[in-house]
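Chains as they are written, first to last, in my numbering: chain S, 5 to 273; chain G, 136 to 401; chain F, -3 to 311.
Glycine included, C-beta positions come from ideal geometry on N, C-alpha and C.
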Amino acid sequence: MSTAPETASAAPAAPTADVPLLELAGVGRTYGSGPRATAALAGVDLAVRPGRSVGIVGESGAGKSTLLRLLLALDRPTEGQVLYRGEPLRRDRAAVRRFRRDVQIVFQDPRSSLDPRMTVGAVVAEPLRSLRIPGDRGARVAEVLGWVGLEPDAATRYPAQFSGGQRQRIAIARALAPSPSVLVGDEPVSALDVSVREQVMDLLRRLRAELGLTLVLVSHDIAVVGQLCEETVVLHDGRVAESGPTEQVLTRPQDPYTQRLLAAVPRLP
Amino acid sequence: MSLLEVRDLTVRTSGGRTLLDAVSWSVEAGGRLGVIGESGSGKSITALAVLGLLPDGMTATGEVLLDGVDLLALHGRRLDAIRGAQVAMVFQEPLTALDPLMTVGRQIAGPLRLHRGLSRAQAREQAAALCRMVRLDDAERILGSYPWQLSGGQRQRVALAMALACEPRVLLADEPTTALDVTVQAEVLDLLDELVDRTGVTLVFVSHDLPVVARVARDLVVMREGRVVESTTVARALDAPADPYTRQLIEAARAVTRLPFAQEAL
Amino acid sequence: MSADLTAGAALDPRDPSLAPTVDGLAPQPSPDRSGPRPVVARASRRRSPSLIVGALLVGLVAVVGVVATFWTPYALDAAGAGPRLSGPSAQHWAGTDRLGRDLLSQLMGGAQSAMVVAVCSVLVAGALGLTLGVLAAATTRWLDVALVNVVDLLIAFPTLLLAMLIVTVRGASLTSAIAAIGIAGSAVIARVTRINAARVLREDFVTAATASGTGWWGTVARHVLPNIAPTLLVQVMLLAGGAILAEASLSYLGLGAPPPQASWGRLLREAQSTMLVQPWGAILPGVAVVATVLGLNLLGDGLRERNDPNLRGDR
């Protein structure tokens, strides 16, 4: 068992800290049928517990995007189950709404993840509107924009008027608006310049600590994942090559692929 | 004595915007120069300008001296004679850098037949040898394949083979490993390292990725918004960068690429 | 990301298994990494000449058409208002036709017809085309395949033939013309809508909207439509030009609105045999059609110019 690191405060709504917020049990996803069927994922077991952020590392073709879609209930597995707070996700609208309030996502490309025709305020308020969250939307928008370090007047401008790093912050603000417990990131910093990357990583760290957010980061960059997540899952060819506490995976990797991956990371002397 | 020298290179768009502002750097024969910068720094434009590959509408002033000859003043056939034969380039995107409609063998043979006047058979033989040089075993199968049948790493090796086919004096590499997976990147960088050593070609490596540049380059030019901010060596930059921007860049790179739990190499 | 499929009804643009995942290729970061960017002004600095000329031409015709609804110098059916086939004069600025009707009034009435046809058929085509296109792009694959085939059939069917069919059933009138042109035009709109809607649906911000709880209607109304609107607007302009040409052709063939409704096409046909006596009777309606269609095309081109470089906002 891993030694308990300084964990963020548990998500307020969880009655038992034992029940994972999200869980994939024996999950597989196969596309097509018959001889042309391809298994993008097979036999994946993964648990996201409150306060223990999970990093999913994989190269291209590993099945990261498929995994993400399953985690976000944007797709259904062909084998196994996806569980939300211990239960399979129900399809009725109320259940889906509760899920979406609780699990939010930030995408990789800050240019395409914000609708260019909407103002920043409308973009950030969209989850509030679609999920019928009561309260003063304008105030909430200003609040989350402040959390990510943007001025409230940003709400009246358009995404094209901001830099890539700022747009990523806007995307994070949108994800935070419905007060989720889980923030899923799909390569959230890969498309950013190095200095901006550092800032956004710091932001995620802060949010994790101050809001008790549990992060699920999917990335090809093991350094990013390693720095922000207490648990690491290494994905290779649609299967979990290795998983465990980050310290263990990074310092004593068992699987040869993990070892190769770690050896390949270019390091600064 | 520098082999390739860029002097006061200024590039402007047709709309009047300045992309490069009096950029100057040089690299001596057999040297390895890294050009590092963030987006908008103009690093890729610099590489393109050297070979006269700027998009239409952009104008370049200044000098690009290859052994004293100004490449910017060359046009048409004289410039063609330089490209591929004296100065070669490898690009970032393996998918688009190769002609999708031509077999790889023909593409590698291309510069050989063009610059060296080899016959088809001779060029094919040379191409096979080049494949082996870039560690693409099973050369016969590779030569007969189309680019889409190869992986990204294989395509980049093919690009390297094409670039080094005519034994150029200078190899320009513009983010050659950025679009590759980490494990593949490591292999290609190792290969590049070995090839540069073996052939003695002068390397100019453009990238935004500091650890990657540090891996292959000895000298370093830091660019920002079209200007050269600092000209130094990799060692000095990592140890004691003079310019505050460089310092900030290096610190950020360290922070972002740090593998926690400071584990030893496996 | 998935390949841009512009043809091929059998391939579902949204099927993730079609996304190329060649090993060795890391996820493509957007080439424009972050970095301070200048505030991008919305409108381009240069005014497009096409836009201005087009707007002027169309505006002129539109104004004339509106005015004609309430007033023309002479009544449209006033035969014998002046000497037959006379040239331009003080009482009849454009001359008269072979029945002695004032040509200028006829031209103005023709402008009104043209405007009515353009607007109404575009509305019909737009409503029908948009619905078909969105349904094809945003629902099941089977519906997509079915609709693509229907649309292709419609595009292949000559507008004039369709018009003749409708006229045979409903009789020649402005409404028949509008119906025919509207239905034929809807096919083009449907095709453009489908491609662009499919493209927008592939964007990350649509997935983000779904993850934010936005449902099908919300996505279509708030994300798809606003983003395809600029392209559609251009198509609509071009369609309007085509509609006016089509109406002129129909009237020329005698399938358009019967008198007293004026129509440039019918004027052309009537003036055919008497061109040498009163050339203006043929020249003016011809010029009117050309000017209007040209104006709409220029307007469409001008809008297209404004769309492209602007939306990107890149260096």
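Beta-carbon gap between LEU221 (chain F) and GLY296 (chain F) smaller than 7 Å: no
Per-residue DSSP class, three states only, for GLN252 (chain S): helix
Residue from G:GLU228, G:SER179 and G:ILE171 whose Cα sits closest to the Cα of GLY287 (chain G): G:GLU228
Per-residue DSSP class, three states only, for GLU310 (chain G): coil
Cutoff 7 Å: HIS219 (chain F) Cβ touching any chain S Cβ: yes
Straight-line gap, GLY106 (chain F) to SER167 (chain S) (C-alpha atoms, nearest Å): 53 Å
Between the CA atoms of VAL147 (chain F) and ALA186 (chain F) - distance to the nearest angstrom: 7 Å
Bridge partners - MET358 (chain G), DSSP secondary structure assignment: Answer is G:GLY172 and G:VAL363, bridged to MET358 (chain G).
Bridge partner(s) assigned by DSSP for PHE340 (chain G): G:GLY169 and G:ALA308
Enclosing alpha helix (DSSP H) for LEU236 (chain G) [first to last residue]: Per DSSP, LEU236 (chain G) belongs to no alpha helix (DSSP H) and is neither H nor E.
Bridge partners - LEU26 (chain S), DSSP secondary structure assignment: S:VAL52 and S:TYR88
Backbone secondary structure at MET271 (chain F) - three-state DSSP: coil
Coarse secondary structure for HIS224 (chain S), derived from DSSP in three states: Of the three classes helix, strand and coil, the one that applies to HIS224 (chain S) here is coil, per DSSP.
Test item: CB-CB of VAL58 (chain S) and VAL220 (chain S) under 7 Å: yes
Own chain residues within Cβ distance below 6 Å of ARG166 (chain F), not counting five before or after: SER172
Cβ shell of LEU139 (chain G) (< 6 Å), same chain only, five flanking positions each side left out: VAL162, LEU201 and VAL305
Cβ of THR368 (chain G) within 7 Å of any chain S Cβ: no
Same chain only: Cβ atoms within 6 Å of PRO256 (chain F), ignoring 5 sequence neighbours per side: LEU72 and ASP73
Chain S within 7 Å of PHE153 (chain F), Cβ atoms only: It does not; no Cβ of chain S falls within 7 Å.
C-beta contact flag for VAL145 (chain S) and GLY125 (chain S) at 7 Å: For VAL145 (chain S) and GLY125 (chain S), yes; Cβs fall inside 7 Å.
Within the segment 186 to 248 of chain F, ranges of the beta strand (DSSP E) (whole runs, at least 3 residues): none
Cβ pair LEU118 (chain S), VAL127 (chain S) closer than 7 Å: yes
Distance CB(GLY361 (chain G))-CB(GLY177 (chain G)) smaller than 7 Å: Closer than 7 Å, so yes.
Residues within the segment 215 to 246 of chain S neighbouring chain F, beta-carbon criterion of under 7 Å: HIS224
DSSP-derived helix/strand/coil call for GLN258 (chain S): coil
Residue span of the beta strand (DSSP E) that contains TRP160 (chain G), given as start and end: Where TRP160 (chain G) is concerned, the enclosing beta strand (DSSP E) stretches over 153 to 163.
DSSP-derived helix/strand/coil call for THR65 (chain F): helix
Of the residues G:LEU355, G:ALA349, G:VAL356 and G:PRO376, the one placed nearest THR392 (chain G), counting alpha carbons only: G:ALA349
Inter-residue Cα distance where the pair is PRO270 (chain S) and VAL317 (chain G): 8 Å
C-alpha gap between ARG218 (chain G) and LEU186 (chain G), whole angstroms: Counting only the Cα atoms, LEU186 (chain G) lies some 7 Å from ARG218 (chain G).
Cβ neighbours of LEU154 (chain G) in the same chain (closer than 8 Å, five flanking residues each side left out): VAL146, ARG147, THR148, GLY177, ILE180, MET193 and GLY361
Buried or exposed (CB count within 10 angstroms, at least 16 for buried), ALA175 (chain F): Burial call: buried.
Under 9 Å by beta carbon: chain F residues contacting LEU76 (chain S): THR203, THR206 and ALA207, listed in chain order.
Cα-Cα separation between LEU330 (chain G) and ALA274 (chain G), rounded to whole angstroms: 18 Å
Coarse secondary structure for ALA66 (chain S), derived from DSSP in three states: coil
For ALA193 (chain F) and TRP212 (chain F), the rounded distance between their alpha carbons: Approximately 13 Å between the Cα atoms of the pair.
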